[in-house]
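Asker: Submitted below is the structure of interest, expressed as C-alpha cells.
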Amino acid sequence: MAFTSPNPIQIHRLPQYTYIDALRWLPQLSAFTRRILLATYDSDTSTPSIQILTFTPSQNPKSTPSLTHQSSLSTPSRITSLKIAPSPLNPSKPLIAASTFSGSLLFYSADLIDGSLNLEFSVPEKGLHLGAVSGIDVSDNGSECVSVENGRVDLVSIGEKWSVRRVFDSNGLVSYSTVKWASPVEFVTGGLGFGMHWWDQRKPGGPVVQFKGNWSRGTTSGIVHSVDIHRSRKHTCLAGGSSGTVFAWDIRWQQQPVIVSGAWAGGGPATSLSESEVWEVQYDSYKHSSNSGNVSSSKILPAMICSEDGILAVVEQDEEPVELLAEPCAINSFDIDKENPSVCQITVLLFFVLNFITFVPCEVLVFHFTN
Amino acid sequence: MPGVTSNSSDSTLSIVPHSSDSETPRVYPLRHHGLTPPLARVSISWARGNTLRVSLIQSEAVSGQQTGGEVVEVKLTNMKGGEITAAQWRRIAYGSVTPFALLQSRKNSMDSSHYSKDWWEHVMEYSREINSLLANSESSGNLVIEDPKALLKKEEEPTSLKAAWELMEIFYADKQSETYIPERLLDWLSDYDCLFSGTQPTAHAKLVDFQKELVTLQIIENDPKYWETMSSALAVGWLDIVVKLLHLHGSYQFDQLGNRETENGLVEAVAVLISQMPRMRPDIPLGKLGECYHTKPEFMKAWEKWRSQITKLDCSSFWLQCDHHQTREGLKNMLQIMLGNTSILSNVTYHWIELYISHFLYVRPFTVGLENMCNLAQKCMHLKPISNHHKLMGLIIGILEENIEVVLAECSRSFDPWMITHAIELLTAGSTQAEILIHEEQSKLGGISIEELQRLVYAQVLSSHAMTWNIAPIYLTSCMKQGMGLLENLLYGQPVQNHQVLLKSIEICRLNDLGIVSSNMMKIYGVHKWKHGQKGSAVFWLQQAQDEVRLNRIAKQLFDFVGKSVSDESFKQWEGLIELLGTESSTAGGLKFLNIYRDFKRSLLQVDGRTTTDVARKAVESLVSLMKNPSTPQRFWLPLLYDSLKLLNWRERPLLNVAQTHLLLNKLQELSIAKLRPDFINADLPLEALNSVRLALATNLGRAILEE
C-alpha cells in the first residue's frame, strides 16, 4: 500500500510567483507530456489569468520535476471554480469551465497537442449570475454545466448551440456553495448548515430531497464546501465542510448521514486530523480500502481531503485518518491525477498550498507516492 | 510622501513622488477610464499597504456629462529596487514562519529560568533553515566538463541579507565551530567579497577582471596582473584559485618544459606548498585546498613545519638559476605573503576585511577570543581606513566590539524588519548580556522589550499586505504585552465581506481563543449579507454568532416578505431557509415562528374533504400553538384564521373546544382594537374575511358548548 512503506512520499515544491486560485490536471494525451491547468492571479499587476503548464516528472528521485509555461489567457475576473470535462467529439480538446468572482462563466477548449487555449463561449457578468459564482460542474458527458450562486442554480447547455437556463431562484433565501453532477439529469448542491439538496431535472421546481446536518454540538453549524460522487455509487454524496467534517449522505437513507471524519464524530474511531474548513474532498482512487477482502457496498470509499489548517490527508470510514502533509498555511485545493497508469509506480498528485487570497509565492506541490 | 500630481500636455494624469534624496523621480501613471479634464478636485489618501487611493472628481463644467468621478489605486513600488524582489520577500516571509514558530514552542516548553546546554543546537537548526530560504534558488547544477581557464564558478548572485545572516550565525549561534571562527570568516569572505565590489576595489573584482583578459593573453607570466591577482587571492586564502592560476604558467607547456626546467620546478614547489597549507578547521570542502587539523597542538606543529619549508625554499639557490624575472619576483612575493610580511599583505589586499583575513592566515593563525579578534580588526582598519562605509562592515565591527546595540541598529537600519525580528533569536542565544538587553522591558518603549517591539513592527509590515496578513498572527501571538490587542485590531480591519477572508479570520480566532472577535465578525458579515438580499446566508451567520437581537430584528422584515409571498406554490422557496433554521428554538429567535408556520401549512395542505378528523385535529393543534406563541406576529393572525376556515367549519364535529375557541375569539378582539393604532398593517385579504372568521368561530363555539 502506498502510505505504509517507511519513506513513501516525496514532496517537490515548485514556487510560483503568482497567486493560484484553482488548479486541475488536464487529461493525458501521450505518456510523456502531462499538462496542468492553473487559474492564477498576479497581485502586483492585478491581472487574473488562466494558464496551461507542462509538467515534466523528475528523471530520478533526487531531482525536481519542472513546470514550463505553455499558454495563458487573461480572464475578466478571478476564478472561483475550475472544472474539466472531456469533449465528446474531439478527445484532444477537452472542455474547461471556469466561474468568476464577478459572476461570469467562461468556457475554453484546451488543445492538448500544442498546449493552447481557446475561448469557446462565455456568459457575461449579470447575464446569469449577479454575484460571485460559488460552484460549477460539468456533467461527465460534457453536455451540460451547472453553476450555483447565492440562491440561484443555472444550467448551460454545451455544444453546437449554447444556451442558458435558470433552474431555480430562491431569492436569496438559500445559499449554495458547491455543486456536483450525480448522473446526466441529477445533481447535488451543498451549502449552509451542512445542508444538501438533491435535484432532478425531470422534476423541476425545486430540490427533490433535502438534508440538513443536525449533529452539531450546541448551536454552531457549518458549511459544505465540496462534494464528490463516485461514478459507481451515484446515490452517495461525499461532502467536506467546516470543523474538519467529512460525511456521506445517501439519498436512499436520507436522514442518516455517515460521518467519516470531523469534530462531531465523537466516540467512534473516526477521529479528525483537522478542525478547520475542509476545502476539497475527492475520492482517492489510489488508496485501496484497508479491508479490501470484504468491501461491502455500504462502506464509504477512502477519500482525500485538504483543509484550511494545512492538512492533506486520506480519510476512511471507521479508520484512523492518514496524514500526508501538514503545512503552516492553508491548502485550498488539490487534484488527483486519475489517468496515471497503474504500471507506473509513481502516482502524481498536485495541489496548491495557499490560503485563498493571502499568498503570492504560492507553491505548486507535487507528490510522488512510490509503491 | 508628499505627492505632486502633474497634468502634462497629453492630458494623462500621474503621480510623481517628491523627495529630496532621489535623483530621478519616479512617475506613476494613473489608469483611469473615461475621465475628461478639467478635474474639480483630487484627493489622495493611504489605502492598504503601499497603495495610495486617489479620488478624482470631475468638474461640472464638462458639458453634456453628469458630475462624476473615479477612485483609482496606485501601487507604490520600492524606490530602491533592492536586491530582493517583493515576491521573493513573500517567499522568505512564508518560509520563515515554520522555523520561527517551532523555535518559539521549544522555548516555551523549556525551563524558562535558564536555557539548557544544547539550546544552541535548536537555534542552529533554526538558523540553517532560515539561511536556506535566503538562497535565491537551487543552483543550476555543475557542468560536467570544467573549463580549465574558469577561475570563478558561476553561482547565484549573493545577497547582503544572506551574508549578514551567516555572519551572525558564525558569531552567535554556531557554538560548535567557535574555535574555527577565522576559517569560517575566510569562507564567508570568499562567498561575499563580491558584495563589496560595488563600492570599492576588491580581490574578487580583480579576479573577475583578470578572468576576462585571460582568454586573450598569450604569455601569461609576462603580465604583471597575473602576479598581482595571484598575490591578492593568496592573501585572502583562495588557495584553489591560486594553484589553478599557477598551473597556467607558461613553463608547464610541453614545448617549453625542457629549457625552463628550474623555473617550472620553482612554480610547482610553490604550488605544492600552497596546497599543503595547514588549516585549523573541521573539514575541507571538496575542491578547496589545505591540510586540515582539528586540535591546536597538531596544527601548531604542522604550521611550524610548513613555515620552515617555506623559509627553506625562500633561501634556496635555485632562484639564481631562474632567468624569468617576473616569475622570480612574483613567486618570491608569494612566499613573503605566506611568511606573513605585513607590508606586502597590506599592499596586495584592498580593504580591511581582506587584510584582516590575511593576518589570520599568515600572521596570527592562533588568534582566539573576540577581544583579540577585535584588536586585530582595529589594527587592520588603521592600516586600511574605511573609505566607503558598507552596511556589512558596520555589522562586523559591531559584532567584534561585542556591542549589541550597534548590531541591532545596523540590522534595523540596513535591512528589512524581517531581518531583525528573526536575527534576535541568534543574538539572544549568543550571550546572556544580549539576552538581558533584548528581553528587558523598557519604559521608553512603552513597557515592552526590544524583542516585542521588533516583532510588532514586523507584524505591522506583514499585515499591510493582503497576501501576508494571515501570517502576522504568528508573530503577534508571540508578543506578551500588546500582541493580542493588535491581533484583534488586525482582525477587525479585515474586509469580512469577502467570504474566504471571513473564514480565515474565524480560523485565526479559533486558534487564539478570540471567540468574541469571531462572533462580532460573523455579525458584521451576517448584516452585510442581509443588506445584499442574501437572507439565508444572513440568518445562518447571525445564528452562528448567536445574535438574538439582530435575528429578531430581521425576523420582522422577513415576515413582511413571507406575508406577500407565502401562497402555497412559492412556499417551496422557504423550505430551504426553514430547514436551515433547524429545530432548536434557542438559535432561531423570532424566526422560530417560521418553523411552526411551515408545519401548520403542511398539515393544512393535507386536509381536504376526504381526510379523517385526526388529520384535521392535528392541523388545529398547530393552529392553536401558533396563536398561543407570543412570537407569532399580529399581522399573521387574521390570515392564519382565514386559511383555516375549513377547520373551523368541520362537518363531522367541532374541532376546537370551548377554551380554544375563546382564545381565538380573544385574539380576534385584540386585532380589532389594534386596528385603531396607526402602525397597524392590514392583511391582504378580502373585506369579508374578518366577518367570516368571526361567524365561523361563533358557530364553532356554539357546537362546542353543545358537545361539552
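Quick note, the sequences are listed as chains F and E, same order. With the first sequence counted from 1, adding 4 to any position gets you the numbering used here. With the second sequence counted from 1, adding 840 to any position gets you the numbering used here. Using N, Cα and C, we set each Cβ at its ideal position, and we do this for glycine too. Everything numeric in this text was worked out from a predicted model, so none of it was measured.
Indicate whether Arg-206 (chain F) and Val-189 (chain F) have their beta-carbon atoms separated by less than 8 angstroms.
Answerer: Numbered from 1 along the first sequence, position 202 holds the residue referred to as residue 206 (chain F). Numbered from 1 along the first sequence, position 185 holds the residue referred to as residue 189 (chain F). Closer than 8 angstroms, so yes.
Asker: Is there contact here, the segment 118-136 of chain F with the segment 74-83 of chain F, by at least three beta-carbon pairs under 8 angstroms?
Answerer: Contact holds: three or more Cβ-Cβ distances are below 8 angstroms.
Asker: The alpha helix (DSSP H) spanning Leu-329 (chain F) covers which residue range?
Answerer: The count along the first sequence starts at 1 and reaches residue 329 (chain F) at position 325. No alpha helix (DSSP H) holds Leu-329 (chain F); the beta strand (DSSP E) holding it covers 326-330.
Asker: Please go through the same chain and pick out, in chain order, the residues whose beta-carbon is closer than 6 angstroms to the beta-carbon of Ala-102 (chain F), but skip the five residues on each side of it.
Answerer: If you number the first sequence from 1, residue 102 (chain F) lands on position 98. The residues are Ile-83, Leu-86, Leu-110.
Asker: Residues in the segment 307-321 of chain F with C-beta within 8 angstroms of chain E's C-beta atoms, listed in sequence order?
Answerer: Residues passing the 8 angstroms Cβ filter: Glu-312, Asp-313.
Asker: With a 10 Å radius around its C-beta and 16 neighbouring C-beta atoms as the bar for buried, classify Met-950 (chain E) as buried or exposed.
Answerer: Locating residue 950 (chain E) in the second sequence gives position 110, where the first residue counts as 1. Under this definition Met-950 (chain E) is an exposed residue.
Asker: With a threshold of 8 angstroms between beta-carbons, can Ser-91 (chain F) be considered close to chain E, or not?
Answerer: For the purposes of this step, residue 91 (chain F) is taken as the residue at position 87 of the first sequence. Chain E, which has no Cβ nearer than 8 angstroms to the Cβ of Ser-91 (chain F), makes this no.
Asker: Go through its chain and collect everything with a Cβ distance to Met-1140 (chain E)'s Cβ below 8 angstroms, but skip five positions before and after it.
Answerer: Stepping through the second sequence from its first residue, residue 1140 (chain E) is reached at position 300. Correct list, in chain order: Phe-1206.
Asker: Along the segment 923-942 of chain E, what residues have a CB closer than 8 angstroms to any CB found in chain F?
Answerer: Against chain F - using a Cβ distance shorter than 8 angstroms - the residues of the segment 923-942 of chain E are Ala-926, Ala-927, Gln-928, Arg-930, Arg-931, Tyr-934, Val-937, Thr-938, Ala-941.
Asker: Give the residues of chain F in contact with Leu-1420 (chain E), contact being defined as C-beta atoms less than 8 angstroms apart.
Answerer: As a working note, residue 1420 (chain E) is residue 580 in the second sequence. Val-178, Leu-196, Gly-197, Gly-199, Lys-216, listed in chain order.
Asker: For a contact defined as C-beta to C-beta under 8 angstroms, what are the partners of Ser-1377 (chain E) on chain F?
Answerer: Locating residue 1377 (chain E) in the second sequence gives position 537, where the first residue counts as 1. Going along chain F in sequence order, the residues near Ser-1377 (chain E) (Cβ under 8 angstroms) are Asn-154, Gly-176, Ser-179, Leu-196.
Asker: Just checking: is the beta-carbon of Met-1307 (chain E) within a distance shorter than 8 angstroms of some beta-carbon in chain F?
Answerer: Here residue 1307 (chain E) is taken as the residue at index 467 of the second sequence, counted from 1. At least one chain F Cβ lies under 8 angstroms of Met-1307 (chain E).
Asker: Quick one: grab the DSSP three-state call for Asp-378 (chain F).
Answerer: Any answer about residue 378 (chain F) is impossible in this case: the structure gives chain F only from 5 up to 375.
Asker: To the nearest angstrom, how far is the alpha carbon of Thr-37 (chain F) from that of Leu-973 (chain E)?
Answerer: Along the first sequence, one-based indexing puts residue 37 (chain F) at 33. Along the second sequence, one-based indexing puts residue 973 (chain E) at 133. If you take the alpha carbons of Thr-37 (chain F) and Leu-973 (chain E), they lie about 31 angstroms apart.
Asker: Let me check one thing: in DSSP terms, what residues is Ile-881 (chain E) bridge-paired to?
Answerer: Stepping through the second sequence from its first residue, residue 881 (chain E) is reached at position 41. Inspection of the sequence shows that residue 881 (chain E) is occupied by Arg rather than by Ile. E:Ile-897, per the DSSP bridge assignment.
Asker: So Arg-1119 (chain E) packs on Glu-1101 (chain E), CB below 8 angstroms; how close in whole Å?
Answerer: By 1-based counting over the second sequence, the position of residue 1119 (chain E) is 279. By 1-based counting over the second sequence, the position of residue 1101 (chain E) is 261. At roughly 31 angstroms, the Cβ-Cβ gap does not stay under 8 angstroms, so Arg-1119 (chain E) and Glu-1101 (chain E) are not in contact.
Asker: Shortest alpha-carbon distance to Tyr-45 (chain F) belongs to which of F:Pro-90, F:Ile-88, F:Phe-105, F:Asn-94?
Answerer: On the first sequence, residue 45 (chain F) is found 41 positions in, with the first residue counted as 1. When only C-alpha atoms are compared, the closest one is F:Phe-105.
Asker: Count the C-beta pairs between the segment 243-251 of chain F and the segment 278-286 of chain F that are closer than 8 angstroms, then say yes if the count reaches three, no if not.
Answerer: Yes, the segment 243-251 of chain F touches the segment 278-286 of chain F.
Asker: From the DSSP output, in three-state form, read off Lys-216 (chain F) for me.
Answerer: In the first sequence, residue 216 (chain F) corresponds to position 212, counting from 1. Lys-216 (chain F) falls in the strand class under three-state DSSP.
Asker: At 7 angstroms on the CB atoms, spell out the chain F contacts of Phe-1380 (chain E), in chain order.
Answerer: Here residue 1380 (chain E) corresponds to residue number 540 of the second sequence, with the count starting at 1. By Cβ distance, chain F contributes Leu-196, Gly-197.
Asker: Can you check whether the C-beta of Ser-278 (chain F) is within less than 8 angstroms of a C-beta belonging to chain E?
Answerer: Taking the first sequence and counting its residues from 1, the one referred to as residue 278 (chain F) is at position 274. Chain E contact via Cβ: absent.
Asker: With a cut-off of 8 angstroms, does the C-beta of Pro-208 (chain F) fall near any C-beta of chain E?
Answerer: Your numbering for residue 208 (chain F) matches position 204 in the first sequence. No, its Cβ sits nowhere closer than 8 angstroms to a Cβ of chain E.
Asker: May I ask you to verify whether the segment 199-219 of chain F touches the segment 1363-1372 of chain E, counting CB pairs closer than 8 angstroms and requiring at least 3?
Answerer: Judged by Cβ distances under 8 angstroms, the segment 199-219 of chain F makes no contact with the segment 1363-1372 of chain E, as fewer than three pairs qualify.
Asker: With distances taken Cα to Cα, identify the nearest neighbour of Phe-125 (chain F) among F:Pro-92, F:Gly-135, F:Val-160, F:Gly-139.
Answerer: Here residue 125 (chain F) is taken as the residue at index 121 of the first sequence, counted from 1. For Phe-125 (chain F), the nearest C-alpha among the options comes from F:Val-160.
Asker: Using 8 angstroms as the Cβ pair cut-off and three pairs as the minimum, do the segment 1191-1201 of chain E and the segment 1072-1089 of chain E touch?
Answerer: At 8 angstroms Cβ cutoff, the stretches touch.
Asker: With 16 as the cutoff for other CB atoms within 10 Å, does Leu-1391 (chain E) come out buried or exposed?
Answerer: Numbered from its first residue, the second sequence carries residue 1391 (chain E) at position 551. It counts as buried.
Asker: Need the endpoints of the beta strand (DSSP E) that Ser-85 (chain F) sits in, please.
Answerer: Here the question's residue 85 (chain F) lines up with position 81 in the first sequence. Start and end: 83-89.
Asker: Would you kindly report the start and end of the unbroken beta strand (DSSP E) that includes Met-1320 (chain E)?
Answerer: Here residue 1320 (chain E) is taken as the residue at index 480 of the second sequence, counted from 1. No beta strand (DSSP E) holds Met-1320 (chain E); DSSP gives it neither H nor E.
Asker: Using a Cβ-Cβ cut-off of less than 9 angstroms, give me the residues of the segment 13-39 of chain F that come near chain E, in sequence order.
Answerer: Those residues of the segment 13-39 of chain F that come within reach of chain E (Cβ to Cβ, closer than 9 angstroms) are Pro-19, Tyr-21, Thr-22, Tyr-23.
Asker: Candidates E:Leu-991, E:Leu-1057, E:Met-1213: which alpha carbon is nearest Leu-1085 (chain E)'s?
Answerer: As a position in the second sequence, residue 1085 (chain E) is number 245, starting the count at 1. Nearest option by C-alpha distance: E:Leu-991.
Asker: For chain F, is any of its Cβ atoms less than 8 angstroms away from the one on Glu-1347 (chain E)?
Answerer: Working through the second sequence from its first residue, we reach residue 1347 (chain E) at position 507. Yes, Glu-1347 (chain E) counts as interfacial toward chain F.
Asker: Considering only the beta carbon of each residue, do Val-1082 (chain E) and Ile-1114 (chain E) sit closer than 8 angstroms?
Answerer: Residue 1082 (chain E) sits at position 242 when you count from the first residue of the second sequence. Residue 1114 (chain E) sits at position 274 when you count from the first residue of the second sequence. Result yes, Cβ atoms of Val-1082 (chain E) and Ile-1114 (chain E) sit closer than 8 angstroms.
Asker: Who are the Cβ neighbours of Ala-941 (chain E) in its own chain at under 6 angstroms, not counting the five residues just before and after it?
Answerer: The residue you call residue 941 (chain E) lines up with position 101 of the second sequence. Only Ile-1314 meet the Cβ criterion.
Asker: Just the Cα atoms here: how many angstroms apart are Leu-1232 (chain E) and Asn-1212 (chain E)?
Answerer: As a first step, residue 1232 (chain E) is located in the second sequence; it is residue number 392 there, counting from the start. As a first step, residue 1212 (chain E) is located in the second sequence; it is residue number 372 there, counting from the start. Answer to the nearest angstrom: the Cα atoms are 20 angstroms apart.
Asker: So what does DSSP say about Ser-225 (chain F), is it helix, strand or coil?
Answerer: Indexing the first sequence from 1 puts residue 225 (chain F) at position 221. The answer is coil: DSSP assigns Ser-225 (chain F) none of H, G, I, E or B.
Asker: Quick one, which of F:Arg-156, F:Pro-325, F:Thr-22, F:Pro-31 has its alpha-carbon nearest Gly-195 (chain F)'s?
Answerer: In the first sequence, the residue the question calls residue 195 (chain F) occupies position 191. Selected option, being the one with the closest Cα: F:Arg-156.
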